[in-house]
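According to this note's numbering, the stretch in the sequence shown is residues 247 to 589, in order.
Beta carbons: idealized from backbone N, C-alpha and C, even for Gly.
Note that the coordinates shown come from a computational prediction; the quantities given were computed from them, not determined experimentally.
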Amino acid sequence: MKRARAGVVGGAGYVGGELLRLLLSHPRAEIAAVASRSHAGKPVEAVHPHLRPLSGLNFTAELDPSGLDCVFLAGRHGEAMGRMAALLERAGPACKVVDLSADFRLRDASLYPAWYGREHAAPELLGSFVYGLAEYNREPLRRASRVANPGCFATALSLALGPLAAAGVAGRARVTAVTGSSGSGASPSAGTHHPSREGTLRAYKPLQHQHVPEVEAFLDGLAGKPSLRLALVPVSGPFVRGIYAVCHVDLPPGLSEAELRGLYERAYAGARFVRLCSAPPDLKAVAGGNHCDLHVCAREGCAVVIAAIDNLVKGAAGQAVQNMNLMLGFDEGLGLDQPGAYP
C-alpha cells in the first residue's frame, strides 16, 4: 500500500521532534524531508538522539514541497505567514498543509497586532484555513487542504469549555492553567529554562495570553453568538510535559450536575481522544499520548472543568497527525492510538 510522503519544516524543535516520532511509527506515512535552517546538513539523530531509526535522513535548509502529500510547518510564530503563498504555489493543490504556528488560527487579521505584536503578512489567506480541532470540525477537516493547528492552551480550554458554549452558557470562565517547560520551546531563556522553573511556580501573561482570542473565537462559533469570556492565568510549572487547566464557570439557574455531565457525554460520545474521568485527571496519564482527559463537577451553580493534555502531543504534534489523517482519508486515530507513558 502506497504511503503518504510527509515533510516537516522546523523539525529541530520539540514539536518537530514529536512530529517525527509519531510519523516514524505511522503505518500509512513516511518521512520524506525535514528542514531546519539552523541545523542544515546535520543528521536528524544529532538533534533528536531518540530518533536513531532516522539515521539516513539529514536536515535541509529549505523544504521542497513538490511531490509531498502533506507538509507540517512547526516553525516560530510569524514565519509561516510570510512564506505561505510561495509554499502553496510550489506544493500544488494535492498537497495538504498543516501549520502548527499561530499564523492562521485567527480569522480577523486586526487581532494579530494586538495579541502577537505584528501585522499579518497574508491576511487574504486567513479564510482558507480550517481550524484543526477534530472533535468539533471533523467533517470540514476531511474536505480541507489547509489546516491551522490549535495552540496548546487553546486545545485544552476549547475541549474543556466547548460543551458549555454549545449549550448557550455565557459569562466569565476563570481559568488557571499550569504548563510544562517544553511549551517554551527548545531554546531556553531566563524565565523558561527548566532549572529556573524546578521547585517553583510562576504566573505569566495573566489575562493577556495570546491564546485567549483563539479560544473565544472558537467558543463564539459554537454558540453562534458572543459566548464565554476567558480570564486566563497561565502558570509555568516545574515539570516538562503537560497542561493542567482548571476552569470555573457560573452556571445558569436550574442546570444540575447530572445535566452538566450529560452535556459532556453527548459532546464527546464519538471522540476517541477525549476521555471523561470520574475523578480529577493526572498529567502522567496523558504524557506522550494524544488524549485529553476531562473531569466535570458542579456545586451551588458553579461548574469546575479540569483538563489535562500533553502539550507536545494533543496540544501540537499529535493533533497535527490526527488532522493529517482526516485530510488524507485515513482512520482518524492511525498512528496515535498508543497510550501515553506512565509513570
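Which same chain residues, not among the five before or five after residue i, have their C-beta less than 7 Å away from its C-beta?
| i | result |
| --- | --- |
| residue 596 | Nothing can be reported for residue 596, as the shown portion of the chain is limited to 247 through 589. |
| residue 459 | 352, 357, 361 |
| residue 328 | 367 |
| residue 359 | 365 |
| residue 377 | 351, 383, 394, 396, 464 |
| residue 559 | 264, 534, 535, 536 |
| residue 374 | 392 |
| residue 487 | 426, 428, 533, 556, 557, 558 |
| residue 224 | Outside the displayed span of the chain (247 to 589) sits residue 224, for which this structure offers no information. |
Compare the Cα-Cα distances from residue i to each of the options and report the closest residue.
| i | options | result |
| --- | --- | --- |
| residue 570 | 263, 268, 516 | 268 |
| residue 537 | 545, 544, 266, 527 | 527 |
| residue 316 | 323, 303, 336, 299 | 336 |
| residue 350 | 559, 392, 263 | 392 |
| residue 578 | 385, 589, 394, 439 | 385 |
| residue 371 | 404, 363, 394 | 394 |
| residue 247 | 264, 263, 272 | 272 |
| residue 363 | 490, 454, 566 | 454 |
| residue 444 | 428, 467, 456 | 428 |
| residue 403 | 539, 298, 547, 584 | 539 |
| residue 547 | 472, 500, 452 | 500 |
| residue 296 | 263, 302, 417 | 263 |
| residue 341 | 409, 252, 589, 277 | 252 |
| residue 409 | 312, 277, 580, 510 | 510 |
| residue 467 | 339, 439, 411 | 411 |
| residue 414 | 441, 471, 439, 488 | 471 |
| residue 568 | 339, 390, 452 | 390 |
Would a C-beta distance cut-off of 8 Å place residue i and residue j closer than the cut-off?
| i | j | result |
| --- | --- | --- |
| residue 544 | residue 506 | yes |
| residue 326 | residue 345 | yes |
| residue 305 | residue 321 | no |
| residue 639 | residue 250 | No answer is possible for residue 639: the residues shown for the chain start at 247 and end at 589. |
| residue 541 | residue 517 | no |
| residue 323 | residue 348 | yes |
| residue 572 | residue 400 | no |
| residue 556 | residue 508 | no |
| residue 566 | residue 318 | yes |
| residue 476 | residue 549 | no |
| residue 515 | residue 588 | no |
| residue 520 | residue 334 | no |
| residue 303 | residue 277 | yes |
Roughly how far, in whole angstroms, is the beta-carbon of residue i from the beta-carbon of residue j, given that I think they are within contact range, below 8 Å?
| i | j | result |
| --- | --- | --- |
| residue 254 | residue 266 | 6 Å |
| residue 261 | residue 469 | Incorrect: roughly 30 Å between the Cβ atoms, too far for contact. |
| residue 529 | residue 554 | 5 Å |
Starting from the C-beta of residue i, find all residues in its chain whose C-beta is less than 8 Å away, skip the five residues before and the five after it, and write them out in chain order.
| i | result |
| --- | --- |
| residue 407 | 419, 461, 465, 474, 493, 495, 551 |
| residue 450 | 437, 480, 481, 482 |
| residue 575 | 388 |
| residue 331 | 368, 371 |
| residue 417 | 474, 475, 495, 496 |
| residue 447 | 424, 481, 482, 483, 484 |
For the alpha helix (DSSP H) holding residue i, just list the boundary residues, first then last.
| i | result |
| --- | --- |
| residue 401 | 398-412 |
| residue 333 | 325-337 |
| residue 534 | Where residue 534 is concerned, there is no enclosing alpha helix (DSSP H), given that its DSSP letter is neither H nor E. |
| residue 468 | 458-469 |
| residue 504 | 503-513 |
| residue 486 | First-last for residue 486: undefined, no H or E at that position. |
| residue 443 | 440-443 |
| residue 261 | 260-270 |
| residue 293 | 290-293 |
| residue 360 | 357-362 |
| residue 567 | 564-573 |
By the DSSP assignment, the beta strand (DSSP E) with residue i in it spans what residues?
| i | result |
| --- | --- |
| residue 539 | 538-545 |
| residue 477 | 474-482 |
| residue 393 | 392-394 |
| residue 276 | 275-281 |
| residue 255 | 250-255 |
| residue 418 | 417-425 |
| residue 521 | 520-522 |
| residue 319 | 316-319 |
| residue 551 | 548-555 |
Can you list, in chain order, the residues of its chain with a C-beta nearer than 6 Å to that of residue i? Leave out the 5 residues immediately preceding and following it.
| i | result |
| --- | --- |
| residue 282 | 257, 258, 305 |
| residue 485 | 426 |
| residue 369 | 355 |
| residue 503 | 544 |
| residue 300 | 290 |
| residue 457 | 397, 399, 400 |
| residue 424 | 481, 483, 490 |
| residue 285 | 258, 293, 305 |
| residue 440 | 427 |
| residue 343 | 317, 392 |
Under 7 Å: does the beta carbon of residue i sit that close to some heavy atom of the ligand MG?
| i | result |
| --- | --- |
| residue 388 | The ligand MG is not part of the structure shown, which contains no ligands of any sort. |
Taking 8 Å as the threshold (beta carbon to beta carbon), is residue i in contact with chain C?
| i | result |
| --- | --- |
| residue 528 | No chain C is part of this structure, which consists of one protein chain only. |
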